[in-house]
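Notes follow once the structure below has been shown.
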Amino acid sequence: MTVSYRLSEIAAQLGGRMLGDAEVRISQIATLEAAQPDQISFLTNSKYRAQLASTRAGAVILGEADADATELPRIISDNPYAYFAKVSALLNSLPETKPGIHPSAVIGAGAKIDATASIAATAVIGEGATIGAFSVIGAGCYIGENAVVGSHARLYPRVVIYHDCLIGDNLIAHSGAVIGSDGFGIAMDEGHWIKIPQIGRVVIGNDVEIGANTTIDRGALDDTVIEDGVKLDNQIQVAHNVRIGAHTAIAGCVGIAGSTTIGRYCLIGGSAGILGHLQIADHVEIAAFTLIGKSIREAGSYAAIFPFAKTEDWRKNTVHLRHLDDLVKRVKTLEQQLESLSVKLLKRES
Amino acid sequence: MTVSYRLSEIAAQLGGRMLGDAEVRISQIATLEAAQPDQISFLTNSKYRAQLASTRAGAVILGEADADATELPRIISDNPYAYFAKVSALLNSLPETKPGIHPSAVIGAGAKIDATASIAATAVIGEGATIGAFSVIGAGCYIGENAVVGSHARLYPRVVIYHDCLIGDNLIAHSGAVIGSDGFGIAMDEGHWIKIPQIGRVVIGNDVEIGANTTIDRGALDDTVIEDGVKLDNQIQVAHNVRIGAHTAIAGCVGIAGSTTIGRYCLIGGSAGILGHLQIADHVEIAAFTLIGKSIREAGSYAAIFPFAKTEDWRKNTVHLRHLDDLVKRVKTLEQQLESLSVKLLKRES
Amino acid sequence: MTVSYRLSEIAAQLGGRMLGDAEVRISQIATLEAAQPDQISFLTNSKYRAQLASTRAGAVILGEADADATELPRIISDNPYAYFAKVSALLNSLPETKPGIHPSAVIGAGAKIDATASIAATAVIGEGATIGAFSVIGAGCYIGENAVVGSHARLYPRVVIYHDCLIGDNLIAHSGAVIGSDGFGIAMDEGHWIKIPQIGRVVIGNDVEIGANTTIDRGALDDTVIEDGVKLDNQIQVAHNVRIGAHTAIAGCVGIAGSTTIGRYCLIGGSAGILGHLQIADHVEIAAFTLIGKSIREAGSYAAIFPFAKTEDWRKNTVHLRHLDDLVKRVKTLEQQLESLSVKLLKRES
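So, in structure tokens, the structure goes:
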């Protein structure tokens, strides 16, 4: 069952400059520390360079700067991390899934399921839904009425897509992800909240990955939009009418409030948050645990992390935050007093 | 299939003062920017007033202050946002669901399911559970033993309600919501944690909405209680023995620790947190990303957001937080030195 | 159906020193405030001692210091909280589940399900998976191909365990928990993210509890490891290649980034976060809402909570954080000016 490739075959498929024994057979990828002689490893962080000397790996992937750092069979790449990803994909292709509909799946009237698609046990496909070619719908998934899932999707067990959502090709969605739930729209009316129907959809482009238990709400009136190539980690909350620009990557536990637009190629750290109705430019990096409360018009890196300390030190320092305004006033007073004292002295001297 | 109403019919049903052509037919609601001639729009934020001039909407909903801001057919309301919600509900009634139990659903012995209720494919209803009139239990939902769900509930696919929980009427629960999981109760005993059985329930009032992947733990001994009209967004964690007062609304990703009581009509921003065993008064507003670590006895607005900045500015400023206590001491020293210097000078002058 | 025990029988089973009427019958445990005469209560926090005088409890569990604080029948324990946990477990044993496989469950080829295990309705067990003795797999759970679940597991409805994961004995996993989803591994290649296959597993020891909607990602190359006795609350995110040491307890909504190692017996507060590739020592306590951005080598308590205040006070104080570096410079300037002024005066005096 295990595939293996000669190093020369890998380089033939994926490019890169090959040095050393081209015939070494590779069947898996591993860290420098754990690799075995039939495995290939990689160096993407120079602080691990010392491990090159001791690794048992049969071959390694290196950047140009490290091309001569070992005698091992090696492939030199401009982007060794991406090369590693490609080699791993080559060696670890997804298990094949058989096309067809499991007898325990429930298919609504008028659903259009491509003959090459696979619908697993206990999945439920709503009326009028579309499942594209080679897509795999995992056990217990639910695809709502008239939702469209493109080709080559892989939905792990228990993903829910609500009615009418529109998904491009190559979606990966992990278990517990919910796409198209109602946005949080309520209006106060004489002491009671009235629900605002959420009549928009979620529209997702191609090549998007959505992590486990991540939620993306449908739009209130217009759509919530996730553009091509967006990568969302686990436990992220995307509120109604958010737009996430192409190729933006968001780490776990982030919350994005309603109607905010995030640019392309942004990187958002874990547990960060973005308030509603904001605009975030392209190529913005937001640190973990940072709340963005205003629009960001300029690419760059932004942060708002409160530094941790031993609790007693934290307490000792933090108590003053409640009096920072007073402290600033005291400093201002000192400046004025010192100034007036200096002037007085100067006068007396003259 | 599309419903439509004359503007006069809308006003007849929902009230409000009508101005302009009462015969215009309305079939959907939309933003000022997107609305078409058969759609009604609304103005609830004066900063969008300029869009009134250019909207293609067939009619608009306005507050009294804007009653004359356009010639369009219009309805004037004291609360145009709530009016918008009502019009949208009128135009977007939920799809009808057929009463009955899907053949793939599994119904436990002694379960009492109202003849008007709808149990979707692959749902599982535990022994002795009760499902009220006109309630809709979505695909893959699980209702535990002896749990009670009132009338007119709408559970989207894959909601779980654990055994013995008690739910009022008109519950809306989105996919992935978990109601009644065990609270986090453990006791350390000679190097090992012992589990404390969680024998309380979750008790939920009427007219509650629970967002996707939100979790509400059952009580340790007494119950966790969600009062009438509470609205919970996605990915919220409500720990055991919390009580949330009526008509409180909580945004996404909030965590509320055990045994805390939150008042009525509170508004809690996204990713906020409240520690355990606290009391929060009625009409308290808590900002996003704010941790409440002490009880709040007084209505009002509370916050604890660390301001974000460009990372280099954030770093430059934030490094001093670890020395704030020293800084305060330095200012105090300066004050004392300046004071003693002034006294000295004064003495010399006299 | 209700079990009941004489106080003497409880002490015989669980130890502790008994005082007062040994014959009182106990059928449930309750708080001092709510307890009835057939119930036992407990005092673990001295601030509730006054309630001892008014409780209607038939018996109480007390620490040595409170042994004489009441005349009620009582059991004296070194660790009354753990004793309470044990009594509650005695009085509230889990409902028995019948071994066997529900006809609506779907069992993959080659799955090894112990004859004493219970597989509930609509559960799906993948090919080659193993379910140990006396384990209970709830409705709608999914156990992936070749995954192993040890004995005495209790999986509540809709838990997902991905393929090849390895779980010890006595796992408790609550609804919506996802174990083994792909880690967030992506590499940028010419403007597009490439997915890095996640070929590690999740390996979980014995006696672990996992809360509702918590997610644990599988390793990228090596495994993600949860050691014995770890207790995870709801909505926690554990990224790929994290290792959590034995008997560590983590409260709700915590996020732990990739490749971080957490020690044994740590306590992590709600909504805290730990960045990736860090080492956290044994016996570290981390406060709620605290982000740990560097390794912690020393046991102890750490915090980084921004203190909340009324919004107007928070705003007034917080605005200065953006100018803290300037403030420090102003204080330094004052110190220098005052020093030079003092020197000048001193010179003049001499």
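Protein chains in written order, with my numbering: chain A, 688 to 1037; chain B, 688 to 1037; chain C, 688 to 1037.
All C-beta atoms, glycine included, are put in the ideal place defined by N, C-alpha and C.
Own chain partners of T731/A with C-beta closer than 6 angstroms, once the 5 adjacent residues on each side are dropped: P767 and Y768
Interface partners of I881/C on chain A, CB under 8 angstroms: A769, A772, K773 and A776
DSSP state of G726/A mapped onto helix, strand, coil: Strictly speaking, residue 726/A in this sequence is Gln, with Gly absent from that position. If DSSP states are grouped into helix, strand and coil, Q726/A belongs with the strands.
Counterpart residues of V941/C in DSSP-defined beta bridges: V941/C pairs with nothing; no bridge assigned.
Three-way DSSP call (helix, strand, coil) for A740/B in this model: In the three-state scheme derived from DSSP, where H, G and I count as helix and E and B as strand, A740/B is classed as helix.
Enclosing alpha helix (DSSP H) for S1029/B [first to last residue]: For S1029/B, the uninterrupted alpha helix (DSSP H) segment begins and ends at L1011 to E1036.
Residues bridged to L919/B [DSSP beta-bridge criterion]: Looking at the DSSP output, L919/B sits in a beta bridge with I897/B and I937/B.
Proximal residues of chain A, C-beta to C-beta of D1012/B below 7 angstroms: Correct list: K1003, N1004 and H1007.
Residue environment, G870/C, which counts as buried when at least 16 other CB atoms sit within 10 Å: By the neighbour-count rule (16 or more Cβ atoms within 10 Å), G870/C is buried.
Beta-carbon gap between T742/A and L719/A smaller than 9 angstroms: yes
Assigned exposure category for V865/C - 16 Cβ within 10 Å defines buried: buried
Short CB-CB distance (under 9 angstroms) between R736/C and chain B: no
Three-way DSSP call (helix, strand, coil) for Q885/B in this model: coil
Whole-Å CB distance - I973/B paired with I992/B, under 8 angstroms assumed: With 8 angstroms as the limit, I973/B and I992/B do not qualify as a contact, their Cβ atoms being about 11 angstroms apart.
Cβ shell of G863/A (< 7 angstroms), same chain only, five flanking positions each side left out: Around G863/A: R845, A899 and N900.
Opening and closing residue of the alpha helix (DSSP H) in which E999/A lies: T998 to T1005 is the span of the alpha helix (DSSP H), which, as asked, contains E999/A.
Distance between beta carbons of S868/A and D920/A, contact taken as under 8 angstroms: Contact flag wrong, Cβ pair sits at about 18 angstroms.
Rounded Cβ spacing between I937/C and T947/C (contact assumed at less than 8 angstroms): That pair is no contact at about 12 angstroms.
Own chain partners of S714/B with C-beta closer than 6 angstroms, once the 5 adjacent residues on each side are dropped: T689, S691 and D725
Residues from the stretch 954-988 of chain B in contact with chain C, defined by Cβ distance under 7 angstroms: G960, L962, A974, T977, L978, I979, G980, G987 and S988
Below-9 angstroms beta-carbon distance, D909/B vs any chain C residue: D909/B counts as touching chain C.
Residue interval of the beta strand (DSSP E) (run including E720/B): No beta strand (DSSP E) holds E720/B; DSSP gives it neither H nor E.
Other residues of its chain near A860/C: CB distance less than 6 angstroms, five sequence neighbours each side excluded: L842, V846 and I897
Backbone CA spacing between V747/C and I943/B [nearest angstrom]: 30 angstroms
9 angstroms Cβ cutoff met for A874/B and I883/B: yes
Sheet register partners of V890/C (DSSP bridge): DSSP output for V890/C lists L853/C and V912/C as bridge partner(s).
Close Cβ partners of P760/A (< 6 angstroms) along its chain, the five nearest in sequence each way excluded: Non-local C-beta neighbours of P760/A in its own chain, meaning closer than 6 angstroms and more than five positions away in sequence, comprise L694, G707, D708, V711 and A746, ordered along the chain.
CB contact check: V835/C to chain A, cutoff 9 angstroms: no
Sequence-distant residues of its chain with Cβ nearer than 6 angstroms to A808/B (five each side left out): Contacts found: H789, S791 and A826.
S775/A burial status per 10 Å Cβ neighbour count (16 or more: buried): buried
Classification of L1008/A by the beta-carbon crowding that lies within 10 angstroms, buried from 16 upward: That one is buried.
Cβ shell of R930/C (< 6 angstroms), same chain only, five flanking positions each side left out: Excluding sequence neighbours, R930/C sits near V912 and T948.
beta-carbon R704/C near the ligand ATP non-hydrogen atom, thresh 8 angstroms: Ligands are entirely absent from the displayed structure, and the ligand ATP is therefore not among its contents.
Beta-carbon gap between A840/A and G819/A smaller than 9 angstroms: yes
For K784/B: DSSP bridge partner residues: Residue identity differs from the one stated: residue 784/B is Thr in this sequence, not Lys. Beta-bridge analysis with DSSP links T784/B to no other residue.
Backbone secondary structure at I949/A - three-state DSSP: strand
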